[in-house]
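Residue numbers for the first sequence follow my numbering, beginning at 380 and rising by one.
What follows is a single structure, written as structure tokens, with notes after it.
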Amino acid sequence: MKPSAPYLRRTLTRIYEKLLVRFGRQHWWPGETPFEVMVGAILTQNTAWRNASIAIERLKKADLLNSARLDRVPKSRLAKLIRSSGYFNQKAKRLKSFVRYFQKRYGGSVPQMRRIPLDPLRKELLSLPGIGPETADSILLYSLGKPIFVVDAYTRRILARHSLISWEASYEEIQALFQRNLLTWSPLFNEYHALLVALGKELCRTHPECHLCPLRSIGKLRLETSPAPIA
DNA sequence: GACCAGGCACATC
DNA sequence: GATGTGCATGGT
């Protein structure tokens, strides 16, 4: 039985309010420049942010957190610098190809890139090697300020545990759930996703039974009967 | 020492 | 289209 639109709107709004009260504003993305956010989006793929941020610091220290210089640095040197983020050979390759594209297509200019409308730009990003839906949407939302909702492992886990989606829901289905039932506004999408991650990090792992979950009292939650695995 | 973390591509059926 | 596997580090 699919929840009705008014129910979803109400519930998604209540969840947001609860999370905001519990965790406060998250000030995402934790990066100093839009370009740093793009690099971070690739480095954090399937990796704890802590490890990705170590790699970012090393790039900064080497004065390489700049698209023109990153475009010129040898891939082997880049791989060594980003070692802490894991999958460093793959990520060095992905970063190089992304930066090549960014330089060639936009001259390394964020404002130039931002001029492209959301849909075609998303398609463009998805066509790059190593840029999947989450990385593309993270760049669009957190680096460029485009109104698109980022879905990640935490988002799926939390929504499924609270019976708002099935565990098998696709990326696009989950994204559409938020985008159809919330105001299309990038600051809201920004904060909402960051808050879901905050919840996922702080509670879902340490308290998988959800006894302390701030969302517990919301709507028709049926936590007792949701599937056990949270991974 | 096992398990996990803000994915993605590619092979195979 | 679904399912399985490689990629790899650092923290708990």
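Here a beta-carbon is modelled for each residue, glycine too, at the ideal position from N, C-alpha and C.
Just so it is clear, the structure is predicted and the values come from calculations on it, not from any experiment.
C-alpha distance - residue i paired with residue j, whole-angstrom precision
i, j, result
"residue 548", "residue 391", "17 Å"
"residue 426", "residue 465", "7 Å"
"residue 503", "residue 512", "11 Å"
"residue 542", "residue 526", "25 Å"
"residue 460", "residue 470", "11 Å"
"residue 566", "residue 573", "11 Å"
"residue 532", "residue 416", "19 Å"
"residue 411", "residue 478", "18 Å"
"residue 554", "residue 440", "36 Å"
"residue 579", "residue 537", "7 Å"
"residue 530", "residue 389", "20 Å"
"residue 560", "residue 386", "10 Å"
"residue 450", "residue 443", "9 Å"
"residue 557", "residue 564", "11 Å"
"residue 496", "residue 476", "22 Å"
"residue 453", "residue 472", "10 Å"
"residue 448", "residue 463", "20 Å"
"residue 395", "residue 455", "43 Å"
"residue 514", "residue 539", "21 Å"
"residue 528", "residue 568", "5 Å"
Exposed unless 16 or more other CB atoms sit within 10 angstroms - verdict on residue i
i, result
"residue 400", "exposed"
"residue 545", "exposed"
"residue 384", "exposed"
"residue 562", "exposed"
"residue 534", "buried"
"residue 516", "buried"
"residue 484", "exposed"
"residue 520", "buried"
"residue 468", "exposed"
"residue 494", "exposed"
"residue 431", "buried"
"residue 438", "buried"
"residue 429", "exposed"
For residue i, the three-state DSSP class (helix, strand or coil)
i, result
"residue 548", "coil"
"residue 553", "helix"
"residue 479", "helix"
"residue 525", "coil"
"residue 425", "coil"
"residue 432", "helix"
"residue 514", "helix"
"residue 405", "coil"
"residue 531", "coil"
"residue 509", "coil"
"residue 390", "helix"
Beta carbon of residue i nearer than 8 Å to that of residue j
i, j, result
"residue 612", "residue 421", "Here the chain has residues from 380 to 610 only, and residue 612 is not among them."
"residue 523", "residue 492", "yes"
"residue 570", "residue 405", "yes"
"residue 408", "residue 419", "yes"
"residue 489", "residue 413", "yes"
"residue 550", "residue 507", "no"
Proximity test, residue i beta-carbon vs the ligand NAD heavy atom, cut-off 7 Å
i, result
"residue 560", "With respect to the ligand NAD, the structure shown offers nothing to examine, as it has no ligands at all."
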